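All remarks here apply to the structure that follows.
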Amino acid sequence: MWLHSLKSRLILYWILGSLLAYFSTPVTVQIPLAFFWGRDHRQALEVWTTKHARDIVVDALRRGSDGKLYVESTERLRRHQQRNPDFRFAVFDPHDGALLPGSSEELAAHFKPLMGDVEVFGSLFHLTDDANVNARGYVRTTLTRYGKLGTIVYGSNFHWDDVFYQLNAYVVAENLLAYAPLCALISLIGFFVVRGSLAPLRVAAANIRKINIDTLNWQAANADLPSEILPFVEEVNAAFQRVRDGVARQRRFTANSAHELRTPIAILCARLDKMADGPLKVELQHDATRIKTILEQLLVLAQLEERGDGKAPPELDLRSAILTTIADLMPIAYQNDRQIEFDAPDDPVLVYAYRWAVESVVTNLIENAMRVEPSNGLVIVRLTSDAIVEVVDHGEGIAPQDREMIFEPFWRKSDATPGTGLGLAIAKELIEKQGGRLWVVETPGGGATFKLAFAPRQMTAARCVSTPVRPKPIANA
């Protein structure tokens, strides 16, 4: 799972890359130096060659039945001698200088003064009496499986398999342990470098998480971003711009459509008013009012979205706005044999909200309540001093599992349920855009109570009184 992290991958690749560079130094550094920068750097290749030859000789050591050591002419040693005709070697006891059988006495004679007196830790040499000025040898006291022995090799030529031998010799426990602190340091540096480089991207991601349909004007900052990440952030900003343009077109279309439909609906309502009184007229007027309410809500929503400049709504007296709305709905309540009761404090309840938006939402809730309220029933509209509006009906109520779904666009309990399922969805969006909240609970004794909550402009300890509003007969109802 951790490999899904870009930071982890970059650090891992950094470590692997440095590990490869560290252990491939013989190929990546020393060979180019030897071939392009002359004699001094070629000593590294000469050391590899003599080291390879010494390993071949040590591998050929054997102990005879008499317990004495000797150098056996193994297949590997013979192959090396065939490739290097001038190759010679000598192995001796560092304590007394005694040569092991199979050694070159001529080569050992050059080191007779050292044998048995000096422990040599490694020395590259050239025999001055050798006509081949490029010939090199190596003398060293070597720890073998039979103990410490002096080894001398001379006359090996460089071959490419010496490089592979050196690479293989590089990957040993000692080198790995030596690399461990470097690896830890690289990891620590890599962690902070990558973390710092990705910090602007984390900030952008945190801001993107906050984006919704109401905050599409956000732009990811591209200052101080690495050049590799900058194209991605710029494309994200361009994508948000395309979304903004599309949403703006959709909002303009919705607002224009709702505005264009107002005139036909007004004409329809006027013609319905001229119909003869009767049940059909009441039903048609009720349906026309529902359509008009939805259109008004769409227009109000479009206006709110056009005002999306981050400014707070103006101050509003909820008591006055709701009272005006109820008064406008009295004719409809009378025609449908319903009553409306308004309970509110004596003093104004001030909030920050748009009057036309609040009136549109309250209108929708009261109309819905009147539709489900039994004949001659009472719809209660209650306003509390802490800016909570309740619209109470005594109908069938709403099942607990449906109390969230009813606010989804186009949701209806069944296909037989009248309406489009848009009213409550638009109402909820209107309230939330003004910092409010809309939800539903059960009415004690049966029915549904829709609640609107606003942040109060000022808390008043006013006494709450019950103000029944009784419908009066009106002309041409």
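Here the sequence shown stands for residues 221 to 697, numbered as in my numbering. Note that the Cβ used here is the ideal one computed from N, Cα and C, for glycine as well. Computed from a prediction, not measured in an experiment: that's the story for all the values here.
Outcome for residue i when other beta-carbon atoms lying within 10 angstroms are tallied against a minimum of 16
| i | result |
| --- | --- |
| Leu335 | For the sequence presented, residue 335 should be read as Met rather than Leu. With 16 or more other Cβ atoms within 10 Å, it is buried. |
| Ala589 | buried |
| Asp444 | exposed |
| Gly665 | exposed |
| Arg356 | buried |
| Lys494 | exposed |
| Gly287 | exposed |
| Glu480 | exposed |
| Leu519 | buried |
| Asn352 | exposed |
| Lys653 | buried |
| Thr640 | Bear in mind that the predicted position of Thr640 carries a pLDDT of just 49, short of 50, making it unreliable; the figure below should be weighed with that in mind. Thr640 is exposed by the Cβ-count criterion. |
| Ser605 | buried |
| Trp268 | buried |
| Asn476 | exposed |
| Arg298 | exposed |
| Leu585 | buried |
Three-way DSSP call (helix, strand, coil) for residue i in this model
| i | result |
| --- | --- |
| Ser285 | coil |
| Tyr358 | strand |
| Leu436 | coil |
| Phe345 | strand |
| Lys332 | coil |
| Val592 | helix |
| Val353 | coil |
| Phe630 | coil |
| Gly367 | strand |
| Phe309 | strand |
| Asp242 | The sequence given here places Tyr at residue 242; Asp does not occur at that position. Reduced to three states, the DSSP call for Tyr242 is helix. |
| Glu610 | strand |
| Ile618 | coil |
| Val278 | helix |
| Arg698 | Residue 698 cannot be examined here, being either before or after the span of the chain that is shown, 221 to 697. |
| Tyr233 | helix |
| Val340 | coil |
| Tyr572 | strand |
| Leu598 | strand |
| Leu488 | helix |
| Leu226 | helix |
| Leu709 | Nothing can be reported for residue 709, as the shown portion of the chain is limited to 221 through 697. |
When the options are compared against residue i, the one with the closest alpha-carbon
| i | options | result |
| --- | --- | --- |
| Val413 | Ala647, Ala468, Ser228, Thr245 | Ser228 |
| Thr669 | Phe630, Glu652, Pro620, Arg632 | Pro620 |
| Ala645 | Gly665, Leu369, Pro664, Glu624 | Glu624 |
| Leu672 | Pro629, Ile626, Val609, Val660 | Val609 |
| Gln465 | Ser225, Leu450, Leu436, Ser447 | Reading off the sequence, residue 465 comes out as Asp, not Gln. Nearest C-alpha to Asp465: Leu436. |
| Leu320 | Leu347, Val340, Ile626, Ile372 | Ile372 |
| Val277 | Gly656, Gly237, Ser324, Asn556 | Ser324 |
| Phe341 | Gly370, Leu450, Ala547, Ala459 | Gly370 |
| Ala675 | Ile651, Val660, Leu402 | Ile651 |
| Pro314 | Asn476, Tyr374, Phe331, Leu549 | Phe331 |
| Ser595 | Asp613, Leu585, Arg282, Ala607 | Asp613 |
| Gly367 | Leu481, Ala389, Phe312, Glu455 | Phe312 |
| Glu295 | Gly284, Phe309, Ala280 | Ala280 |
| Glu616 | Glu587, Trp631, Glu662 | Glu662 |
| Arg657 | Phe473, Arg591, Phe627 | Phe627 |
| Leu570 | Thr544, Ile552, Ile546, Asp537 | Asp537 |
| Leu240 | Tyr399, Gly284, Pro629, Ala547 | Tyr399 |
| Glu593 | Leu585, Arg558, Tyr574 | Arg558 |
| Asp567 | Asn556, His379, Leu543, Ala547 | Leu543 |
| Ile552 | Leu504, Tyr385, Ser540 | Leu504 |
| Gly427 | Phe411, Phe460, Gly410 | It should be pointed out that residue 427 corresponds to Asn in this sequence rather than to Gly. The option with the nearest alpha carbon to Asn427 is Phe460. |
| Arg472 | Arg539, Val338, Ala522, Glu266 | Ala522 |
| Arg415 | Pro446, Arg303, Ile546 | Pro446 |
| Thr245 | Ala389, Asn304, Glu292 | Ala389 |
| Asn377 | Leu265, Ile431, Leu515, Glu448 | Leu265 |
| Glu326 | Asp316, Asp337, Arg308 | Arg308 |
| Phe345 | Ala318, Gly375, Thr364 | Gly375 |
Cβ-heavy atom distance, residue i to the ligand ADP, below 6 Å
| i | result |
| --- | --- |
| Asp622 | Looking for the ligand ADP in the displayed structure turns up nothing, as the structure carries no ligands at all. |
Length-filtered (3 minimum) beta strand (DSSP E) runs lying within the segment 648-681: Complete beta strand (DSSP E) runs here, min 3: 657-662, 668-673.
Would you call the segment 578-597 in contact with the segment 646-653, where contact means no fewer than 3 C-beta pairs closer than 8 Å? Taking 8 Å as the limit for Cβ pairs, the verdict is that the segment 646-653 does touch the segment 578-597.
Going along the chain, which unbroken runs of the alpha helix (DSSP H) with 4 or more residues stay wholly within the segment 501-564? Fully enclosed alpha helix (DSSP H) runs of 4 or longer: 538-555.
Mind pulling the alpha helix (DSSP H) runs of 4 or more residues that sit fully within the segment 399-455? If we require 4 residues or more, the segment 399-455 turns out to have no alpha helix (DSSP H) run fully inside it.
Given 8 Å, three or more beta-carbon pairs between the segment 596-604 and the segment 550-569: At 8 Å Cβ cutoff, the stretches touch.
For the segment 357-364 against the segment 268-280, are there 3 or more C-beta pairs whose distance is under 8 Å? The segment 357-364 is in contact with the segment 268-280.
Cβ contact check for the segment 390-407 and the segment 231-238: 3 or more pairs under 8 Å: Result yes; three or more Cβ-Cβ pairs closer than 8 Å.
Please determine if the segment 449-469 and the segment 488-508 are in contact, where contact requires at least 3 C-beta pairs separated by less than 8 Å. No, the segment 449-469 is not in contact with the segment 488-508.
Count the CB pairs spanning the segment 441-461 and the segment 407-423 that are closer than 8 Å, and state whether there are at least three. They touch, by the three-pair rule.
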